[in-house]
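No gaps in the numbering here: position 42 of the sequence shown is 45 in our numbering, and each next residue is one more.
Shown next, in structure tokens, is the structure this report addresses.
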Amino acid sequence: PELRKLSLRFCKLPASSAGAVGRLLRICPVLEDLDLEWNRELLNSGQAAANLTDELGDEGLPCLRRLGLRWCHLPEVVKQPLGILRARCPKLEEVDLLGDRRIAEGSSFV
């Protein structure tokens, strides 16, 4: 697939779908822009974030430049799995955390 931009804004994806999202992203190796804005449940736990990262695989998203996590209300416990995700996205330039005060301040994964 040649998908370069994927917007799942306001989809209300449940935490139980995080692994499926990771599997979907795995088949989008040229994805450059991923927008998950306002999916408050998707990454609401460390386990959900780990499931997404694990299912994505070690190859990650080699072309991803922008990750939108606005208003996802990310808890502190997702920092480590998101740090792993960040490491698997070597071209990542922007992580939008507007409205994610709990994790945005002093975040080490960005």
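Glycine included, C-beta positions come from ideal geometry on N, C-alpha and C.
In summary, VAL81 is buried, with 16 or more beta-carbon neighbours lying within 10 Å of its beta-carbon over all protein chains present. Using a Cβ distance threshold of 8 Å, LEU55 and GLY102 do not count as a contacting pair. The region 31 to 58 contains no complete alpha helix (DSSP H) run of 4 or more residues. Taking all protein chains in view, the Cβ of PRO65 is surrounded by fewer than 16 other Cβ atoms within 10 Å, so the residue is classified as exposed. LEU39 is positioned such that its CB atom lies closer than 8 Å to that of LEU72.
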